[in-house]
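Visitor: At position 81 of the sequence shown (counting the first as 1) the number is 134 in the numbering used here, and the numbers step up by one without a gap. Don't be surprised by glycine CBs; every beta carbon is placed ideally from N, CA and C. Take this structure, written in structure tokens, and hold onto it; I'll ask about it next.
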Amino acid sequence: MAANTAIADMYNEKDYIYPNYSTDGSIWTSPMYPAQNYPDEISQKYNCTPTASRNLFLSQEHLMYIFQCGINAEYELPKYKWGCLSFHAGYMFEYIYNKGVDSNMYKAVSGITYEELKNGTKEIEDSHVASQKNEWMQNFHNQFNNYFVVGVTYRY
């Protein structure tokens with residue numbers, strides 16, 4: 054079983070609209086926390102280091118789960134001086150719950166640079182952020198997959 058996550062509501066979700074930050078829920082999703090909330094920080098603006106106490110991995114509201122179950126069979130013919138031949142077949146069933154959590158939640162807003170956001174010369178509307186998050190959540194779906202494997206192996 055595997056799980057994937059999505060970022061939770063942040064201090065300021067607008068910061069994640071800029072494309073330098075991963076919002077796909079992987080371990081690379083590292084939150085940005087204002088340094089004033091953490092006086093022990095060296096940085097005066099933001100700490101972007103994913104530490105164990107601040108990493109959001111597997112602690113979010115929306116999770117994607119992957120369940121897999123399968124069976125394999127193999128038959129090996131007797132060995133001869135010219136080699137050995139074997140046949141194998143298999144089947145695997147896969148169920149993905151909340152498929153879509155692993156996609157990016159926010160997309161970059163064209164015409165706005167990271168520097169303009171940080172120094173306050175341009176602003177992203179709250180409604181734009183909320184609509185992107187809502188669109189991301191609307192794309193969640195459950196998915197079933199079936200995999201069949203058939204093969205022949207020759208060893209000399």
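#1: Per DSSP, what kind of secondary structure is residue 190 in: helix, strand or coil?
#2: With respect to the beta strand (DSSP E) encompassing residue 125, which residues constitute its N-terminal and C-terminal limits?
#3: Tell whether a beta-carbon distance below 8 Å holds between residue 122 and residue 129.
#4: Please determine, among 200, 173, 134, the residue with the shortest C-alpha to C-alpha distance to residue 146.
#5: How far does the beta strand (DSSP E) with residue 209 in it extend, from its first residue to its last?
#6: Which residues in the same chain as residue 163 place their Cβ atom closer than 6 Å to its Cβ, once the five residues preceding and following it in sequence are excluded?
#7: Would residue 193 and residue 152 qualify as a contact pair, given that the criterion is a beta-carbon distance under 8 Å?
Guide: Let's see:
#1: The residue you call residue 190 lines up with position 137 of the sequence shown. The three-state secondary structure of residue 190, taken from DSSP, is helix.
#2: For the purposes of this step, residue 125 is taken as residue 72 along the sequence shown, with counting starting at 1. Residues 116 to 129.
#3: Indexing the sequence shown from 1 puts residue 122 at position 69. Indexing the sequence shown from 1 puts residue 129 at position 76. Not a contact, by the Cβ cut-off of 8 Å.
#4: Within the sequence shown, numbered from 1, the residue matching residue 146 stands at position 93. It is 200.
#5: On the sequence shown, position 156 is the one that residue 209 refers to. No beta strand (DSSP E) holds residue 209; DSSP gives it neither H nor E.
#6: Residue numbering aside, residue 163 sits at position 110 when the sequence shown is read from its first letter. Cβ within range, chain order: n/a, list empty.
#7: Indexing the sequence shown from 1 puts residue 193 at position 140. Indexing the sequence shown from 1 puts residue 152 at position 99. In this structure, residue 152 lies closer than 8 Å to residue 193 by Cβ.
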